[in-house]
Amino acid sequence: MTSPAAGFPVRGAAQWPALLILLLGGCSSPDPARPGVATTEASDVVFTDVTSASGIDFSHYNGRSGKKYLPETLGPGLAFIDYDNDSYPDLYVVNGRPLGDAVVEGAQPSPKLYRNRGDGTFEDKTEAAGLTADFFGLGVAFGDIDNDGFDDLYVTTLGEDHLYRNRGDGTFEDITAAAGISNPHLSTSAAFLDYDHDGLLDLFVDNYVKWSPEEDLWCTLDGDTKTYCTPESYEGIASKLYRNLGGGVFEDVSEAAGVADPTSKALGVAVLDFDGDGWEDIFQANDTEPNKLYRNKGDGTFEDVGLSAGVAFAEDGRARGAMGVDASDYDGSGRPHLLVGNFSNEMLNLFHNEGGGLFVDSAPRSEVGQSSLLTLTFGAFFFDYDLDGLDDIFCANGHLDPEIEAVQPRVKFKQPPQLYRNLGEGRFTLANEAVGESFSVPLVARGAAYADIDGDGDLDIAIAVNDGPLRLLRNDGGNANSYVRVRLKGAAANRNGFGAKVTIHTANGSQTKMAKSGSSYCSQSENVLTFGLGQSVDVDRVEVVWPGGQRQVVQGAEPNREILIQQEGS
Numbered sequence: 218m219t220s221p222a223a224g225f226p227v228r229g230a231a232q233w234p235a236l237l238i239l240l241l242g243g244c245s246s247p248d249p250a251r252p253g254v255a256t257t258e259a260s261d262v263v264f265t266d267v268t269s270a271s272g273i274d275f276s277h278y279n280g281r282s283g284k285k286y287l288p289e290t291l292g293p294g295l296a297f298i299d300y301d302n303d304s305y306p307d308l309y310v311v312n313g314r315p316l317g318d319a320v321v322e323g324a325q326p327s328p329k330l331y332r333n334r335g336d337g338t339f340e341d342k343t344e345a346a347g348l349t350a351d352f353f354g355l356g357v358a359f360g361d362i363d364n365d366g367f368d369d370l371y372v373t374t375l376g377e378d379h380l381y382r383n384r385g386d387g388t389f390e391d392i393t394a395a396a397g398i399s400n401p402h403l404s405t406s407a408a409f410l411d412y413d414h415d416g417l418l419d420l421f422v423d424n425y426v427k428w429s430p431e432e433d434l435w436c437t438l439d440g441d442t443k444t445y446c447t448p449e450s451y452e453g454i455a456s457k458l459y460r461n462l463g464g465g466v467f468e469d470v471s472e473a474a475g476v477a478d479p480t481s482k483a484l485g486v487a488v489l490d491f492d493g494d495g496w497e498d499i500f501q502a503n504d505t506e507p508n509k510l511y512r513n514k515g516d517g518t519f520e521d522v523g524l525s526a527g528v529a530f531a532e533d534g535r536a537r538g539a540m541g542v543d544a545s546d547y548d549g550s551g552r553p554h555l556l557v558g559n560f561s562n563e564m565l566n567l568f569h570n571e572g573g574g575l576f577v578d579s580a581p582r583s584e585v586g587q588s589s590l591l592t593l594t595f596g597a598f599f600f601d602y603d604l605d606g607l608d609d610i611f612c613a614n615g616h617l618d619p620e621i622e623a624v625q626p627r628v629k630f631k632q633p634p635q636l637y638r639n640l641g642e643g644r645f646t647l648a649n650e651a652v653g654e655s656f657s658v659p660l661v662a663r664g665a666a667y668a669d670i671d672g673d674g675d676l677d678i679a680i681a682v683n684d685g686p687l688r689l690l691r692n693d694g695g696n697a698n699s700y701v702r703v704r705l706k707g708a709a710a711n712r713n714g715f716g717a718k719v720t721i722h723t724a725n726g727s728q729t730k731m732a733k734s735g736s737s738y739c740s741q742s743e744n745v746l747t748f749g750l751g752q753s754v755d756v757d758r759v760e761v762v763w764p765g766g767q768r769q770v771v772q773g774a775e776p777n778r779e780i781l782i783q784q785e786g787s
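In this note's numbering, the protein residues as written are 218 to 787.
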């Protein structure tokens, strides 16, 4: 059965009116996805730095003491979370604290929560929300763990992580201990997913290496001067999978589920269904160790198929220094492909999903690989910045060591971000020069995420900088093309709809995206799905396949709207 559209606003002060769609039934499977086709040339998109004008004044503190402690190089991450449900994405940014005998002058560092006012400005709500904290933070993920309609926060740290429940009144409470979560390690990226399809969000947490000030190692290049040790110098730490038991309580099922590999040195995580069996799989980006592709067997366990799938190693058979990661069907094949950010002199991975459980890295023979050889990429994600219906690539770059240029003159400490425009047929081209001066500014970038911060339909970017100020880049001109934005509300499925696959069908073809947590590096983008339509003005239908297989279809979705799709039974 199909449902007509009913006109109820979702985004109050958006420049475009919004559309609420209640989906009350399922229907038969549509035609297989066909490749989306861009209908226009690249529009005149410019990314404008609006950090100062927005009122965001965050600057990261990495705890640097001169002793070159490994954790100094890693943070921070950030997340676009709509914590107050006003349909405008707010911004949470992780911060560090002194390491060893480092001393902070003035105000002590703290993470920040910035509320989006909806008029292009943000206000600091950290203290009012109860999120002022004194820990060495690294990453963040969000999801509605109790299905009460408000997104909760998980923050990874050097030491015990923190789970914050959103009370729904603008404040959070730390429920880590009560929830049964204990992860006293150096943890990095995290993602919520409902791996067992019981309607409750579970939690996967990347752990990196065994490190403490007392166990710090002395590494040097010249025999006299200390430098940052490579990950090979440290033991790895097994990552964590926490199963949500309901009632705000989690159970550590890492060993039983088969994801507790102590050789992993994990920095990035992406959730995807690579084999199309309806169960969410996990890709884990490891630093100098083989990447993991954990296939969800549908019985509460996973098996690592990274080696047989061709994503464990680079083309030369070596493990790379992998960090940020994302998954997307960027070529309309109907299968999710993988993007992996790597260390300098290693280039990006662009693993194309060939089907049958096999991936092939297309980066070495493309402009993506050639132009990323000298960069060190942390934050990395797919998004359609020009709304032409083809997912593009963003990379946040920056090295670890300020002295790297003395050793490798061609590799810079501060590096500009990179934007690759999708030309179709699996081809990308570097578009930095076309999108304004913001993409020529070198940074020591780490986490990155995207969201439509101003309600105009196109996607803006936040970049977290190690030991420096955050940057907020507004997309000006992307909405010269049309779009549809989809927000999900699960019922039998988890409230966020994480794991659901949304497909839009137009005269130009079909596009499919999966709602998910995590991706990029230590960060999470907004949980609204944006589909670029190019110059197309007609959407034939929108289909959702919820976790568990329930299908729902809506017809009559107008372009240039944000629509809310509620699962049958909600």
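For each residue, glycine too, the CB sits at the ideal point set by N, CA and C.
Predicted, not measured: the structure shown is a model, and the values here were computed from it.
Worksheet item: When the Cα of Ser734 is compared with those of Pro293, Val542 and Pro315, which residue comes out closest?
Response: Numbered from its first residue, the sequence shown carries residue 734 at position 517. It is Val542.
Practice prompt. Going by CA-CA distance only, name the one from Lys706, Ala732 and Tyr700 that's closest to Ala774.
Written response: By 1-based counting over the sequence shown, the position of residue 774 is 557. Of Lys706, Ala732 and Tyr700, the residue nearest in Cα terms is Tyr700.
Fill in: Ordered list of beta strand (DSSP E) runs contained in the segment 472-525, each at least 3 residues
483-489, 498-503, 509-513 and 519-521
Discussion item. Helix, strand or coil for Ala396? Go by DSSP, reduced to three states.
Written reply: Start at 1 with the first residue of the sequence shown, and residue 396 comes out as number 179. Residue state, collapsed to three classes: coil.
Discussion item. Using 8 Å as the cut-off, can you tell me whether the segment 524-542 makes contact with the segment 481-495, which would need three or more C-beta pairs spanning the two stretches below that distance?
Written reply: yes
Worksheet entry | Heavy atom of the ligand HEM within 7 Å of Val658 beta-carbon | Although the ligand HEM was asked about, the structure shown includes no ligands whatsoever.
Worksheet item: Beta-carbon separation of Tyr459 and Val426 under 8 Å?
Response: Numbered from its first residue, the sequence shown carries residue 459 at position 242. Numbered from its first residue, the sequence shown carries residue 426 at position 209. The answer is no: Cβ separation not under 8 Å.
Item to complete: Just tell me which of Phe519, Leu510, Glu431 and Glu506 has its CA closest to the CA of Ala474.
Response: Working through the sequence shown from its first residue, we reach residue 474 at position 257. Among Phe519, Leu510, Glu431 and Glu506, the Cα nearest to that of Ala474 is on Phe519.
Discussion item. On the CB-based measure, 16 or more other CB atoms within 10 Å of its CB, does Trp435 come out buried or exposed?
Written reply: For the purposes of this step, residue 435 is taken as residue 218 along the sequence shown, with counting starting at 1. By the neighbour-count rule (16 or more Cβ atoms within 10 Å), Trp435 is not buried but exposed.
Discussion item. Please classify Ala358 as buried or exposed, where buried requires at least 16 other C-beta atoms within 10 Å of its C-beta.
Written reply: Reading the sequence shown from its first residue, position 141 is the one you call residue 358. Under this definition Ala358 is a buried residue.
Discussion item. Between which residues of its own chain and Ala788 is the CB-CB distance below 8 Å, once the five residues before and five after are set aside?
Written reply: Summary: the structure shown does not reach residue 788, with the chain confined to residues 218 through 787, and so no result is reported for it.
Worksheet item: Is the beta carbon of Gly639 less than 8 Å from the beta carbon of Asp609?
Response: Position 422 of the sequence shown, counting from 1, holds the residue named residue 639. Position 392 of the sequence shown, counting from 1, holds the residue named residue 609. Residue identity check: residue 639 is Asn in the sequence provided, not Gly. Cβ distance < 8 Å, so Asn639 and Asp609 count as in contact.
Item to complete: Assign Asn302 to buried or exposed, taking buried as 16 or more other Cβ atoms, counted over all protein chains shown, within 10 Å of its Cβ.
Response: Along the sequence shown, one-based indexing puts residue 302 at 85. Asn302 is exposed by the Cβ-count criterion.
Practice prompt. Could you say which of Asp351, Tyr331, Leu355 and Leu308 lies nearest to Thr290 if we only look at CA atoms?
Written response: Numbered from 1 along the sequence shown, position 73 holds the residue referred to as residue 290. Measuring from the Cα of Thr290, the nearest candidate turns out to be Leu355.
Worksheet item: Which residues in the same chain have their Cβ closer than 6 Å to the Cβ of Met731, if we skip the five residues on either side of it in sequence?
Response: By 1-based counting over the sequence shown, the position of residue 731 is 514. Closer than 6 Å at the Cβ level, and outside the excluded window around Met731, lie Lys718.
Discussion item. My output table needs one value for Leu575: the three-state DSSP class, helix, strand or coil.
Written reply: Taking the sequence shown and counting its residues from 1, the one referred to as residue 575 is at position 358. Looking at Leu575 - three-state DSSP - the assignment turns out to be strand.
Discussion item. Can you find the residues in the same chain that come closer than 8 Å, C-beta to C-beta, to Asp351, ignoring five residues on each side of it along the sequence?
Written reply: Counted from its first residue, the sequence shown places residue 351 at position 134. Once the five neighbours on either side are set aside, the close Cβ partners of Asp351 are Arg314, Gln325 and Ser327.
Discussion item. So Asn649 and Leu660 are supposed to be a Cβ contact under 8 Å. How far apart are they, rounded?
Written reply: Taking the first residue of the sequence shown as position 1, residue 649 is located at position 432. Taking the first residue of the sequence shown as position 1, residue 660 is located at position 443. Between Leu660 and Asn649 the Cβ distance is about 13 Å, and since that is not below 8 Å, they are no contact.
Item to complete: Following the continuous beta strand (DSSP E) through Glu760, name the residue where it begins and the one where it ends.
Response: Indexing the sequence shown from 1 puts residue 760 at position 543. Its beta strand (DSSP E) spans residues Val756 to Val762.
Discussion item. Taking the beta carbon of Leu438 as the centre, do at least 16 other beta carbons fall within 10 Å, making it buried, or is it exposed?
Written reply: The count along the sequence shown starts at 1 and reaches residue 438 at position 221. Classification for Leu438: exposed.
Practice prompt. Could you round the C-beta distance between Val262 and Val652 to whole angstroms and report it? I think they count as a contact, below 8 Å.
Written response: For the purposes of this step, residue 262 is taken as residue 45 along the sequence shown, with counting starting at 1. For the purposes of this step, residue 652 is taken as residue 435 along the sequence shown, with counting starting at 1. Sure, about 6 Å apart at Cβ, within 8 Å.
Fill in: Spatial distance of Gly674 from Leu295 (CA atoms)
Taking the sequence shown and counting its residues from 1, the one referred to as residue 674 is at position 457. Taking the sequence shown and counting its residues from 1, the one referred to as residue 295 is at position 78. When rounded, the distance between both Cα atoms is 21 Å.
Discussion item. Taking 8 Å as the threshold (C-beta atoms), are Asp757 and Thr723 in contact?
Written reply: For the purposes of this step, residue 723 is identified with residue 506 of the sequence shown, where counting begins at 1. For the purposes of this step, residue 757 is identified with residue 540 of the sequence shown, where counting begins at 1. Result yes, Cβ atoms of Thr723 and Asp757 sit closer than 8 Å.
Fill in: Spatial distance of Asp336 from Lys342 (CA atoms)
Here residue 336 corresponds to residue number 119 of the sequence shown, with the count starting at 1. Here residue 342 corresponds to residue number 125 of the sequence shown, with the count starting at 1. Rounded to whole angstroms, Asp336 to Lys342 spans 16 Å at the Cα level.
Discussion item. Beta-carbon within less than 7 Å of Leu287's beta-carbon, same chain only, minus the 5 sequence neighbours each way: which residues are those?
Written reply: On the sequence shown, residue 287 is found 70 positions in, with the first residue counted as 1. If we look at Leu287 and ignore the five residues flanking it on each side, its Cβ neighbours are Trp428, Tyr445 and Cys446.
Practice prompt. Indicate the three-state DSSP secondary structure (helix, strand or coil) for Pro315 in the structure shown.
Written response: Translated into positions along the sequence shown, residue 315 becomes position 98. Pro315 falls in the coil class under three-state DSSP.
Practice prompt. Mind checking which residues open and close the beta strand (DSSP E) that includes Gln769?
Written response: If you number the sequence shown from 1, residue 769 lands on position 552. Start and end: Arg768 to Val771.
Worksheet item: Just how far apart, CA to CA, sit Phe367 and Gly385?
Response: In the sequence shown, the residue the question calls residue 367 occupies position 150. In the sequence shown, the residue the question calls residue 385 occupies position 168. Each residue's alpha carbon lies about 6 Å from the other.
Worksheet item: Among Ala544, Leu591 and Asn559, which has the Cα closest to the Cα of His569?
Response: To locate residue 569, count along the sequence shown from 1; it is residue 352. Of the listed residues, the one whose Cα sits closest to His569 is Ala544.
Worksheet item: Based on the DSSP secondary-structure assignment, which residues constitute the bridge partners of Asn333?
Response: Numbered from its first residue, the sequence shown carries residue 333 at position 116. Its beta-bridge partners are Phe339.
Worksheet item: Alpha carbon to alpha carbon, what distance is there between Thr265 and Leu689?
Response: For the purposes of this step, residue 689 is identified with residue 472 of the sequence shown, where counting begins at 1. For the purposes of this step, residue 265 is identified with residue 48 of the sequence shown, where counting begins at 1. Going by the C-alpha atoms only, they are around 8 Å apart.
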